[in-house]
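Numbering (the numbering used here), first residue to last: 19 to 148.
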């Protein structure tokens, strides 16, 4: 973590990852980043971030900036400090662009596999939480 200038988080939300983006973790990022301070990008799940800690880290310089595509409460409440924070870039939970043609082909292949008794791709493992 000490060598990390930009932390990109795409983790699934599980009991083990809830609020993993907290002050303790963010304080471990590269303090001598060529960016001036480390940057957080979260396009995983809103529950990964401790939003109060992120705001505090932005305010005290532990973080130089944050780009957030997900939030603990969605849609992001109108009174959230993230809306007006000068070091925050917000995106509307659309970090992944889905091509309609490709997703249609994928779904058709999954249906064919299912009907043929084959194994499906990308099945959720409920014990792992994703």
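Note that beta-carbon positions come from the ideal geometry of N, C-alpha and C, so glycine has one too.
So what does DSSP say about residue 67, is it helix, strand or coil? strand
Would you mind sorting residue 142 into buried or exposed? The rule is 16 or more other CB atoms within 10 Å of its CB. exposed
CA-to-CA distance, residue 44 to residue 108, given in whole angstroms: 19 Å
What separation, rounded to the nearest whole angstrom, lies between the Cα atoms of residue 65 and residue 134? 38 Å
With DSSP as the reference, identify every bridge partner of residue 58, one or two as the case may be. 25 and 84
Spatial distance of residue 48 from residue 122 (CA atoms): 42 Å
Reduced DSSP category for residue 142 - H, G, I as helix; E, B as strand; rest coil: coil
Taking the straight line between their C-alpha atoms, what separation do you get for residue 101 and residue 38? 22 Å
Less than 8 Å between C-beta atoms, sequence neighbours within five positions excluded: which residues of the same chain meet that for residue 73? 99, 100 and 103
So, for residue 29: in the same chain, excluding its five sequence neighbours on each side, which residues have a beta-carbon less than 8 Å away from its beta-carbon? 35, 38, 62, 63 and 66
What is the DSSP secondary structure of residue 108, reduced to helix, strand or coil? strand
Where residue 125 and residue 112 are concerned, what is the direct C-alpha to C-alpha distance, given to the nearest angstrom? 20 Å
Tell me residue 39's beta-bridge partners as DSSP assigns them. 67
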